[in-house]
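Engineer: Please see the structure below; I have some questions.
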Amino acid sequence: MEAADVRIVGVIGAGQMGSGIAEVVARAGIDVVVTEPTDDLLARGRARIEASTGRAVERGKLEASSRDDVLARIRMTTDVVDLGDVDVVIEAATEDREQKLAIFRALDGVVKPDAVLASNTSSIPIATLAAATSHPDQVIGLHFFNPPPVMTLIEVTPSLLTSDETIGFARSFAERLGKTTVVARDEAGFIVNRLLIPYLCAAIRLLESGFATREDIDASITLGLHHPMGPLRLADLIGLDTVLQIADVLHDEFREPAYAPPPLLRRMVAAGRLGRKSGGGFYDDH
0 MEAADVRIVG VIGAGQMGSG IAEVVARAGI DVVVTEPTDD LLARGRARIE
50 ASTGRAVERG KLEASSRDDV LARIRMTTDV VDLGDVDVVI EAATEDREQK
100 LAIFRALDGV VKPDAVLASN TSSIPIATLA AATSHPDQVI GLHFFNPPPV
150 MTLIEVTPSL LTSDETIGFA RSFAERLGKT TVVARDEAGF IVNRLLIPYL
200 CAAIRLLESG FATREDIDAS ITLGLHHPMG PLRLADLIGL DTVLQIADVL
250 HDEFREPAYA PPPLLRRMVA AGRLGRKSGG GFYDDH
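When we follow numbering that gives the first Met the number 0, the leftmost residue of the sequence shown carries the number 0, and every step to the right adds one.
Structural data, given as structure tokens:
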């Protein structure tokens, strides 16, 4: 299958990443089927997409008529069987190994034999997910960045079993979505999170130890390194629960102290302070 032949894409998950990925695909002129276990989760995902496309219209990035077309291309369902005709599935569920494995097992019994199965995982090895399917050569990582409609990078991560044809298709498909790709080896964290998570954890340790205030830590990075935001605001944007999950996976795999989640991060997640998604994390003024 060629990237130009893709007619329908399935997206598993309508959360922050899944809804953004669905929007990206629909804006590329491709029909999308989004799945979640409940109608409530689907409604929240639809609301995210409507809000995001609304902002794009306000900023002159999207015509109002085009927005209507984008929304019309997105169908929501609670039944994974509705993915039977899709050409590509992009899994964007939470960073939980067992949950993702269950999803890939279910997809294996539903999708067409030639469908490509992709995961948006930012830390779990693709080979682990591919092993849950009968076509591991057609499983690949497509790691989008938050927010997907704005961020142009996709990490393409093949496993040892991914075919060259699937790798070529994945890169071409990402380009059809208007994205730039890099290829990362199939190890936990890939390129970006192998570098990002130690940086975020180090910033949290500085705050936890009382070395500097959150404002001074973030100002040092935004003004001293010209980053668009500091590490603590970035952690809030990503979601502290997601940062913790990725850090745990990286530390389990590599056993390097830099990947170990700081105690403050665990306490904040346990308290439900997850960042923007919960209304408060290191900052409350989101």
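Beta carbons: idealized from backbone N, C-alpha and C, even for Gly.
(1) Once DSSP output is grouped into helix, strand and coil, what is the label at His142?
(2) Measure from the alpha carbon of Pro148 to the alpha carbon of each residue in Ala42, Arg43, Asp217 and Gln15, then state which is nearest.
(3) Hey, quick one: how far does the alpha helix (DSSP H) through Arg175 stretch, first residue to last?
(4) Identify the continuous alpha helix (DSSP H) that holds Thr179 and give its terminal residues.
(5) Is it the case that the region 71-84 contacts the region 18-36, given that we only count it when at least three CB pairs across the two stretches are under 8 Å?
(6) What's the gap between the Cα of Asp68 and the Cα of Asp84?
(7) What residues match up with Ser118 in a beta bridge as DSSP calls it?
(8) Taking the beta strand (DSSP E) that Ile190 falls in, what are its first and last residues?
(9) Can you check whether the CB of Thr34 is closer than 8 Å to the CB of Ile11?
(10) Taking Leu224 as part of the alpha helix (DSSP H), name the residues at either end of that continuous run.
(11) Could you tell me the boundaries of the beta strand (DSSP E) in which Gly9 lies?
(12) Within 10 angstroms of the Cβ of Thr161, are there 16 or more other Cβ atoms? Answer buried if so, exposed if not.
(13) May I ask you to list the residues that DSSP assigns as paired with Asp30?
(14) Taking the runs of the alpha helix (DSSP H) that are 4 residues or longer, which of them lie wholly in the region 211-285?
(15) Could you give the DSSP three-state label for Thr132: helix, strand or coil?
(16) Between Gly80 and the rest of its own chain, which residues show a CB-CB distance below 7 Å, the 5 nearest in sequence each way excluded?
(17) Excluding five sequence neighbours on each side, which residues of the same chain lie with their C-beta closer than 7 Å to the C-beta of Arg170?
Structural biologist: Working from what's here:
(1) Start at 1 with the first residue of the sequence shown, and residue 142 comes out as number 143. Of the three classes helix, strand and coil, the one that applies to His142 here is strand, per DSSP.
(2) For this step, residue 148 is matched to residue 149 along the sequence shown. When only C-alpha atoms are compared, the closest one is Gln15.
(3) By 1-based counting over the sequence shown, the position of residue 175 is 176. It spans Asp163 to Arg175 - the alpha helix (DSSP H) in which Arg175 sits, taken as one unbroken run.
(4) If you number the sequence shown from 1, residue 179 lands on position 180. Where Thr179 is concerned, there is no enclosing alpha helix (DSSP H), although the beta strand (DSSP E) it sits in stretches over Thr179 to Val182.
(5) Judged by Cβ distances under 8 Å, the region 18-36 makes contact with the region 71-84, as three or more pairs qualify.
(6) What you label residue 68 is simply residue 69 of the sequence shown in a count that begins at 1. What you label residue 84 is simply residue 85 of the sequence shown in a count that begins at 1. Spanning the alpha carbons of Asp68 and Asp84 requires a straight line of approximately 21 Å.
(7) Position 119 of the sequence shown holds residue 118. Looking at the DSSP assignment, Ser118 forms a beta bridge with Glu90 and Gly140.
(8) By 1-based counting over the sequence shown, the position of residue 190 is 191. Ile190 -> no beta strand (DSSP E), and no H or E assigned at all.
(9) Here residue 11 corresponds to residue number 12 of the sequence shown, with the count starting at 1. Here residue 34 corresponds to residue number 35 of the sequence shown, with the count starting at 1. The beta carbons of Ile11 and Thr34 sit closer together than 8 Å.
(10) The residue given as residue 224 occupies position 225 in the sequence shown. Premise fails: Leu224 is in no alpha helix (DSSP H) and is neither H nor E.
(11) Locating residue 9 in the sequence shown gives position 10, counting from the first residue. For Gly9, the uninterrupted beta strand (DSSP E) run begins and ends at Ile7 to Ile11, by DSSP.
(12) The residue labelled residue 161 in the question sits at position 162 within the sequence shown. Around the beta-carbon of Thr161, 16 or more other beta-carbon atoms lie within 10 Å, marking it buried.
(13) Taking the sequence shown and counting its residues from 1, one reaches residue 30 at position 31. Bridge pairing for Asp30: Ile7 [DSSP].
(14) Listed in chain order, they are 213-223, 230-237, 239-253 and 262-269.
(15) The residue you call residue 132 lines up with position 133 of the sequence shown. Residue state for Thr132 is assigned as coil, using DSSP reduced to three classes.
(16) In the sequence shown, the residue the question calls residue 80 occupies position 81. The question names Gly, yet the displayed sequence has Val at residue 80. Excluding the 5 residues flanking it on each side, Val80 has same chain C-beta neighbours closer than 7 Å at Val109, in chain order.
(17) The sequence position of residue 170 within the sequence shown is 171, counting from 1. Cβ neighbours of Arg170 beyond the five flanking positions: Val155 and Thr180.
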